[in-house]
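Chains as they are written, first to last, in the numbering used here: chain A, 1 to 113; chain B, 1001 to 1113. Each residue gets a CB set at the ideal place from its N, CA and C atoms; glycine is no exception.
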Amino acid sequence: DGGITQSPKYLFRKEGQNVTLSCEQNLNHDAMYWYRQDPGQGLRLIYYSQIVNDFQKGDIAEGYSVSREKKESFPLTVTSAQKNPTAFYLCASSNPGNTDTQYFGPGTRLTVL
Amino acid sequence: GDSVTQMEGPVTLSEEAFLTINCTYTATGYPSLFWYVQYPGEGLQLLLKATKADDKGSNKGFEATYRKETTSFHLEKGSVQVSDSAVYFCALSSADSWGKLQFGAGTQVVVTP
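Written out as structure tokens, the structure reads:
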């Protein structure tokens, strides 16, 4: 079945450590996105990539980094510079012929201890 | 900049009641409008969309009409079920945003038997 997978589902990190969240899609989508969701709030865009080897900062990119070496993969690294990293992280992708409709993965819940 | 405002929750209803969730937006030009649904602990699923004024999106008994004159995209369902309990997000994508979505804060809906 086609879809987006994110791993792990739950992740715990000590303060001062970097951590990488995985996002893989087999939908043959060119565009991929990372969002952060905090309780009672909407989604905020962290980074997005329109094509392989290219990505742009979203609204809250500080303290995060990404890479897009393969079309199927868009990993997100939460660095120690991110002041408040505890949140639910969602990855999405979209079809080049239908860029408005984004399809989401199940999310990763990151908790900093 | 673009923004989406939706009614605060939680909205608590009895089964078979009528549901309305208000959503208004601010955007330049003619954005595409979306409703996404998020079940507990999961990612977002596209519920419906509309891409131009007076379009009506519908899916699973839910409907929303793109009203340019009132900049609104209210979500409605005539008879809710317990399984409709979720958080609902209104979102828009502007023509010049290359697929990036602007989300509202989300409205939690609780349906009781």
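For this session: Would you give the residue range spanned by the beta strand (DSSP E) that Ser-1083/B belongs to?
Result: The residue given as residue 1083/B occupies position 83 in the second sequence. It is not in any beta strand (DSSP E) - Ser-1083/B carries neither H nor E in the DSSP assignment.
For this session: Give, in chain order, every residue of the region 48-69 of chain A whose Cβ lies closer than 7 Å to some Cβ of chain B.
Result: Tyr-48, Gln-50
Exercise. Which of the residues in the region 1041-1058 of chain B, read from start to end, lie with their CB under 9 Å from any CB of chain A?
Worked result: Gly-1041, Glu-1042, Gly-1043, Leu-1044, Gln-1045, Leu-1046, Lys-1049, Thr-1051
Exercise. Are there 16 or more other CB atoms within 10 angstroms of the CB of Val-1082/B, so buried, or fewer, so exposed?
Worked result: Counting from 1 along the second sequence, the entry for residue 1082/B is found at position 82. Exposed: under 16 other Cβ atoms inside 10 Å.
Exercise. Apart from the five residues on each side of it in sequence, which residues of its chain come closer than 7 Å, Cβ to Cβ, to Ala-61/A?
Worked result: Locating residue 61/A in the first sequence gives position 61, where the first residue counts as 1. The answer, listed in chain order, is Ile-46, Tyr-47.
Exercise. Is Thr-108/A close to chain D, meaning its C-beta is less than 7 Å from at least one C-beta of that chain?
Worked result: Absence of chain D from the displayed structure is noted, the protein chains being A and B.
Problem set entry | Residue environment, Asp-1084/B, which counts as buried when at least 16 other CB atoms sit within 10 Å | Taking the second sequence and counting its residues from 1, one reaches residue 1084/B at position 84. Answer is buried; the Cβ neighbour count reaches 16.
Exercise. Would you call the region 1056-1071 of chain B and the region 1102-1112 of chain B touching, i.e. three or more CB-CB distances under 8 Å?
Worked result: no
Exercise. For the beta strand (DSSP E) that contains Asn-1059/B, what are its first and last residues?
Worked result: The residue you call residue 1059/B lines up with position 59 of the second sequence. Residues 1056-1059.
Problem set entry | Proximity to Tyr-103/A [Cα-Cα], best of Glu-69/A, Asn-28/A, Pro-85/A, Gln-82/A | The sequence position of residue 103/A within the first sequence is 103, counting from 1. The shortest Cα separation from Tyr-103/A among Glu-69/A, Asn-28/A, Pro-85/A, Gln-82/A belongs to Asn-28/A.
For this session: Measure from the C-beta of Phe-1103/B to each C-beta in chain A and report whether the shortest distance is under 7 Å.
Result: Looking up residue 1103/B in the second sequence gives position 103. It does: the Cβ of Phe-1103/B has a partner Cβ on chain A nearer than 7 Å.
Problem set entry | Through-space distance from Ser-94/A to Lys-71/A, alpha-carbon basis | Here residue 71/A corresponds to residue number 71 of the first sequence, with the count starting at 1. Here residue 94/A corresponds to residue number 94 of the first sequence, with the count starting at 1. Lys-71/A and Ser-94/A: Cα-Cα distance of roughly 12 Å.
Exercise. So what does Met-32/A bridge to, in DSSP terms?
Worked result: Along the first sequence, one-based indexing puts residue 32/A at 32. Ser-49/A, Ser-93/A.
Problem set entry | Within 7 Å, strictly: CB atoms of Thr-77/A and Thr-20/A | In the first sequence, residue 77/A corresponds to position 77, counting from 1. In the first sequence, residue 20/A corresponds to position 20, counting from 1. Cβ distance < 7 Å, so Thr-77/A and Thr-20/A count as in contact.
Problem set entry | Beta carbon of Ser-1003/B nearer than 7 Å to that of Thr-1026/B | By 1-based counting over the second sequence, the position of residue 1003/B is 3. By 1-based counting over the second sequence, the position of residue 1026/B is 26. Against a cut-off of 7 Å, the Cβ pair of Thr-1026/B and Ser-1003/B comes out as a contact.
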